[in-house]
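Enquirer: I am attaching a structure below and will ask some questions about it afterwards.
Numbering (full-length UniProt numbering), first residue to last: 1 to 140.
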């Protein structure tokens, strides 16, 4: 952190990602992304199912999740892609369908619009996919 005059400037170090060569772009395609129920309800489970196609095998990776409510960041998580994410590693090249992911939505969350950003990286630190979702959580 540097102090300049009376203003505070925060300098963050960015994690270097490997450069993506043109033949490495689009090695993953999401064909289906489903949420059940379509409109999430506080106090109930949200079920997420994903299917698609991988152009290469995934042996390990990282997952990043960021959630904002009314433009206020409320959650940032980083985790192992192969543990607890509905992904089994290694995931072979070709068509896949995840094990359904169940996520309980706490009863006490405020009703409103939530923005979810989910980014996955593979064993080579290359981005597998980035998913941005807006969902309106209602009270039961």
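All C-beta atoms in this analysis are idealised placements derived from N, C-alpha and C, irrespective of residue type, glycine included.
Is it buried or exposed for residue 59, if we count other Cβ within 10 angstroms and need 16 for buried?
Expert: exposed
Enquirer: Helix, strand or coil: how does DSSP classify residue 134 here?
Expert: strand
Enquirer: Rounded to whole angstroms, what's the CA-CA distance from residue 79 to residue 120? Just pull it up for me.
Expert: Cα to Cα, residue 79 sits roughly 10 Å from residue 120.
Enquirer: Examine the Cβ distances between the segment 88-103 and the segment 127-138 and report whether three or more of them are shorter than 8 Å.
Expert: no
Enquirer: So, helix, strand or coil for residue 81, using DSSP?
Expert: coil
Enquirer: For the putative contact between residue 137 and residue 114, defined by C-beta atoms under 8 Å, what is the C-beta separation to the nearest angstrom?
Expert: That belief holds up - the Cβ atoms of residue 137 and residue 114 are roughly 6 Å apart, short of 8 Å.
Enquirer: Tell me, which residues are paired with residue 48 by DSSP?
Expert: 35 and 101
Enquirer: For the pair the segment 60-67 and the segment 43-52, tell me if three or more CB-CB distances fall below 8 Å.
Expert: no
Enquirer: Buried or exposed for residue 70, going by 16 or more other Cβ atoms inside 10 Å?
Expert: Classification for residue 70: exposed.
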